[in-house]
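Presented below is the structure to which this report refers.
2 protein chains.
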Amino acid sequence: MTSFAPLQNDTFLRALMRQPTAHTPVWLMRQAGRYLSEYRATRAKAGSFMDLATNPDYATEVTLQPLERFPLDAAILFSDILTVPDAMGLGLHFVEGEGPRFARPLRDEKDVLSLRVPELDSLDYVFKAVTQIRTELKGRVPLIGFSGSPWTLACYMVEGQGSREFHTIKKMLYARPDLMHRILDINATAVAQYLNAQIEAGAQAVMIFDSWGGALADGAFQQFSLAYMQQVVARLQRNHDGAAVPVVVFTKGGGQWIEQIAGIGADAVGLDWTVNLARARELVGAKVGLQGNLDPAILFAGEAQIRAEVRKVLNDFGAPSDGSGHVFNLGHGISQFTSPDSVAAMVDEVHNYSRQQRSPIVNNFERN
Amino acid sequence: MTSFAPLQNDTFLRALMRQPTAHTPVWLMRQAGRYLSEYRATRAKAGSFMDLATNPDYATEVTLQPLERFPLDAAILFSDILTVPDAMGLGLHFVEGEGPRFARPLRDEKDVLSLRVPELDSLDYVFKAVTQIRTELKGRVPLIGFSGSPWTLACYMVEGQGSREFHTIKKMLYARPDLMHRILDINATAVAQYLNAQIEAGAQAVMIFDSWGGALADGAFQQFSLAYMQQVVARLQRNHDGAAVPVVVFTKGGGQWIEQIAGIGADAVGLDWTVNLARARELVGAKVGLQGNLDPAILFAGEAQIRAEVRKVLNDFGAPSDGSGHVFNLGHGISQFTSPDSVAAMVDEVHNYSRQQRSPIVNNFERN
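Next comes the structure, spelled out in structure tokens:
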């Protein structure tokens, strides 16, 4: 077993578990990505996106890049949410400018019946990257592992690619729920094993991305996405190497189901920008931490506006005297068209303003 | 002033206004459309989509087509939500398979400052179609007029086309809210005038489609979409020719804001399939009627499954002894890949089951 350097900044982990922190921690979904010129340089060196993602050296390099630029409070493994179905033999590849595709999507009963939980060996490149990143982080900040949710993986596995309407998988869901449940059952087992292996390899928190849960009808969401995330969460090891390993679940477009999502046993719930944080906090109470939820498009505005919107999110969540448990993030992945200067301003404002919230300067002159 | 035949089926209008009805009325968003072979035939005859939409004879023909097939409780004007910005001179056209485009989108201050509320004359083809459809309906069912919401029109006007992330308009919204408000102010005036002219021409109810309100952050939605829909609703004539003209507002992805949407003065609120109808009804109480919300993808399943899901929606809303005010619809426009037989089964089940809900057969043997 690898021995890692002690953690110097545990703000992120503490906030997920609703413990007091000196400032609100911040990281960004897709923080290692195309908006950074150094990422684009590594990507050019590596070749395709999959060449980059499957090479632990490159994955480590790009994971650490945003931490050199910004005082972020967490690192997140550079990988793709679709590594698991790729390991199932579906043939993941990326069409430039169009996103992920599977060469062999699941289209009929025969396809579904031959689907198996993959051998973890085939995902070894991921676990190697986790260990290497954790080592090279030298304890600066915690490392987040992640996976797509069983439903979100299934969306790509059945549609064969991203979709706007999800006609193919919804047709299966409504016409052949037995096949749908079979896929989701296999995915839930695979995702739980995959995340546990990431934890064994060094991930200090894990996040489940339910990117397409919000496409489901009320009722179907609970049955075909939430129930399987609950299965995954129940099977995760929540303590490793003497430390708690918090779990975050994030259903994009799931704002209406916050209370139900908060009830599946995760430590924290990710929120997109459509959710009012004050209301969310009121609904979930002390049950879970909350992560989010600045609209990534705000980073296209000027610095003063960005700082004002950051303060609005922090004020919506409320001063920490009301409790703790907020991790600042965007409500979705950062756009490739974002200026890194805007990210710097955002991170700076989160840290500064959240410290002010914790130690308000009482100015009696101004109060009068 | 044209004199129209008396209305024979007012179920739809009554339900919008929360009056008792003998069955739950039903219509479908995009009910005149590509899933019908007779629509495709008219379209082929007409030429482009705009050739079809701007010709009152063709618009009348396709509006009436679904009523010949199914016993629907309302007709909706065949038109496009983007006629208003087209009349503003932005140059609407349709790229086959890709949806609407504007030749001259609003990209800078100069573009925005030269924007004007269009002369209603330029939309005369719409009002002519309304009058002709209402005449040819001969009072069978009411005719719905409609428009895009000020925000949804602005999305297309600024982006120049549909979008997944709305970066261009969101950049304007956050960086130049003054320009954004100017566009929305003009749109609100134009939409109100446009809908009032449809009412004058014969529309018996009107609906505002806020297709992209759900892309906005909480806070921004209220400021940049809801406030302008409220302005439109406030300016509409709610009575015409001796009859009440109910107003429906529909924000796709607006499930979290139902209570606020219900508070802007409309008679009814449209809901997409992510919303739980029982919960929605609990939240809005007696304030408004509700319209929706079957997932259009359910129409890809078999007949038994379709009928079961229709009953689920009707049961979620609740038996009419609990009150009234439900118009059955899909949660979004019907897919072009839907079988008309599935629509027939859906409409049949709505009518039959909702009648059963109103006159339950009390079977004492089964109860014991």
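As they're listed, the protein sequences go chains A and B. Start counting the first sequence at 1128; every next residue gets the next number (the numbering used here). Start counting the second sequence at 1128; every next residue gets the next number (the numbering used here). Cβ atoms here follow ideal geometry from the backbone N, Cα and C, with glycine treated the same way. Since this is a predicted model, take the numbers as computed values, not measurements.
TODO: Anything in chain B within Cβ reach of Y1301/A, meaning under 7 Å, just list it in chain order.
DONE: A1424, I1425, F1427, A1428 and Q1432, listed in chain order.
Task: Residue span of the beta strand (DSSP E) that contains N1456/A, given as start and end - done: Looking at the DSSP string, the run of the beta strand (DSSP E) that includes N1456/A is H1453 to L1457.
Open item on the list: Counting only Cβ pairs nearer than 8 Å, list the residues of chain A close to H1294/B.
Closed with: Per Cβ cutoff of 8 Å: A1424, F1427, S1462 and F1464.
TODO: Note down the Cα distance separating M1177/B from L1219/B, rounded to an integer number of angstroms.
DONE: Computed Cα separation, rounded: 9 Å.
- [ ] Might you give, ordered along the chain, the residues of its own chain that have their beta carbon closer than 6 Å to the beta carbon of P1133/B, omitting 5 neighbours on each side?
- [x] Cβ neighbours of P1133/B beyond the five flanking positions: G1266.
TODO: Specify the secondary structure class of L1421/B as computed by DSSP and reduced to three states.
DONE: L1421/B: strand per DSSP, three-state reduction.
TODO: Output yes if chain B places a C-beta closer than 8 Å to the C-beta of V1402/A; else output no.
DONE: Yes, its Cβ sits closer than 8 Å to a Cβ of chain B.
- [ ] Count the other CB atoms, across all protein chains shown, that sit within 10 Å of the CB of Q1364/B; report buried if there are 16 or more and exposed otherwise.
- [x] Around the beta carbon of Q1364/B, a 10 Å sphere encloses fewer than 16 other beta carbons of the protein chains shown; the residue is thus reported as exposed.
- [ ] Name, in chain order, the residues that DSSP records as bridge partners for A1471/B.
- [x] DSSP, once it has assigned bridges, lists no residue as partnering A1471/B.
- [ ] Please name the residue or residues paired with T1378/B in a DSSP beta bridge.
- [x] The partner list for T1378/B (beta bridge, DSSP) reads D1337/B.
Task: Stretch-stretch touch, CB-based, cutoff 8 Å, three pairs: the segment 1375 to 1393 of chain A with the segment 1377 to 1384 of chain B - done: Taking a cut-off of 8 Å on C-beta distances, the segment 1375 to 1393 of chain A touches the segment 1377 to 1384 of chain B, as three or more cross pairs fall below it.
- [ ] Tell me, please, whether the CB atom of D1345/B is closer than 8 Å to any CB atom in chain A?
- [x] Output row for D1345/B: interface = yes.
- [ ] Note down, in chain order, each residue of its chain lying with its Cβ closer than 7 Å to the Cβ of E1236/A, except the 5 sequence neighbours on either side.
- [x] Within the same chain, Cβ atoms closer than 7 Å to the Cβ of E1236/A are found at L1306, the five residues on either side in sequence being excluded.
Open item on the list: Can you confirm whether Q1383/B, when its beta carbon is compared against all beta carbons of chain A, has any partner nearer than 8 Å?
Closed with: By this cut-off, Q1383/B is an interface position.
Task: Burial state of A1281/A, where buried means 16 or more other Cβ atoms lie within 10 Å - done: By the C-beta density criterion, A1281/A is buried, having at least 16 other C-beta atoms within 10 angstroms.
Open item on the list: So if DSSP puts A1324/B in a beta bridge, which residue, or which two residues, is it bridged to?
Closed with: Per DSSP, none; premise fails for A1324/B.
TODO: With 8 Å as the threshold, decide whether the Cβ of K1379/B is near any Cβ in chain A.
DONE: No, no contact with chain A.
Task: Residue nearest to G1340/B in terms of C-alpha spacing, selected from A1361/B, G1397/B, P1373/B and H1367/B - done: Answer by Cα proximity: G1397/B.
Task: Nearest candidate by alpha-carbon position, reference A1330/B, set K1414/B, N1420/B and F1254/B - done: Comparing C-alpha distances from A1330/B to each of K1414/B, N1420/B and F1254/B shows the shortest one belongs to F1254/B.
TODO: Consider the Cβ of K1298/B: report whether some Cβ of chain A lies at a distance smaller than 8 Å.
DONE: So yes, K1298/B belongs to the interface.
Task: CB of V1360/B within 8 Å of CB of I1391/B, strictly - done: Their beta carbons are under 8 Å apart, which means V1360/B touches I1391/B by this criterion.
Open item on the list: Nearest by alpha-carbon distance to A1202/A: which of S1241/A, R1157/A and D1468/A is it?
Closed with: Considering only alpha carbons, the answer is R1157/A.
- [ ] Would you mind stating whether D1345/B and V1376/B have Cβ atoms separated by less than 8 Å?
- [x] Using a Cβ distance threshold of 8 Å, D1345/B and V1376/B do not count as a contacting pair.
- [ ] Look up L1280/B in the DSSP assignment and say whether it is helix, strand or coil.
- [x] Of the three classes helix, strand and coil, the one that applies to L1280/B here is helix, per DSSP.
Open item on the list: Assuming contact is defined by CB atoms lying nearer than 8 Å, are P1373/A and A1347/A in contact in what I supplied?
Closed with: Not closer than 8 Å, so no.
- [ ] Consult DSSP for A1332/B and reduce its assignment to one of helix, strand or coil.
- [x] DSSP places A1332/B in strand when its eight states are reduced to three.
Open item on the list: Please confirm whether G1341/B has its beta-carbon closer than 8 Å to some beta-carbon of chain A.
Closed with: Output row for G1341/B: interface = yes.
- [ ] Buried or exposed for L1240/B, please, with buried defined as at least 16 other CB atoms from any protein chain shown within 10 angstroms of its CB.
- [x] L1240/B sits exposed, since fewer than 16 C-beta atoms from the chains shown fall within 10 Å of its C-beta.
Task: alpha helix (DSSP H) runs contained entirely in the segment 1246 to 1297 of chain A, provided each spans 4 or more residues - done: The segment 1246 to 1297 of chain A contains, as complete alpha helix (DSSP H) runs of 4+ residues, the segments 1251 to 1264 and 1277 to 1286 (chain order).
TODO: Thinking A1413/A and V1454/A are a contact (beta carbons under 8 Å), I'd like their distance in whole angstroms, please.
DONE: The pair is not a contact, with the Cβ atoms about 16 Å apart (cut-off 8 Å).
Open item on the list: Let me see if you follow: with CB-CB separation under 8 Å, is M1334/A close to chain C or not?
Closed with: Looking at the structure shown, chain C is missing, and the protein chains on hand are A and B.
TODO: Return helix, strand or coil for G1216/A, following the three-state DSSP convention.
DONE: In this structure, DSSP gives G1216/A a helical state, which the three-state scheme calls helix.
TODO: Determine the direct distance from the alpha carbon of Q1432/B to that of P1227/B, and round the result to whole angstroms.
DONE: Between the alpha carbons of P1227/B and Q1432/B lies a gap of roughly 34 Å.
TODO: Take the Cβ of G1369/B as the centre, count every other Cβ of all protein chains shown within 10 Å, and call the residue buried at 16 or more, exposed below.
DONE: That one is exposed.
Open item on the list: In whole angstroms, give me the CA-to-CA distance for F1492/A and W1400/A.
Closed with: Since pLDDT at F1492/A reaches only 46, below the 50 mark, its modelled position is unreliable, and the value read off the structure follows with that caveat. Roughly 37 Å separates the two Cα atoms.
TODO: Let me know the secondary structure DSSP gives Q1479/A once reduced to three states.
DONE: A small correction: the amino acid at residue 1479/A is Asn; Gln does not occupy that position in the sequence shown. Helix, per DSSP.
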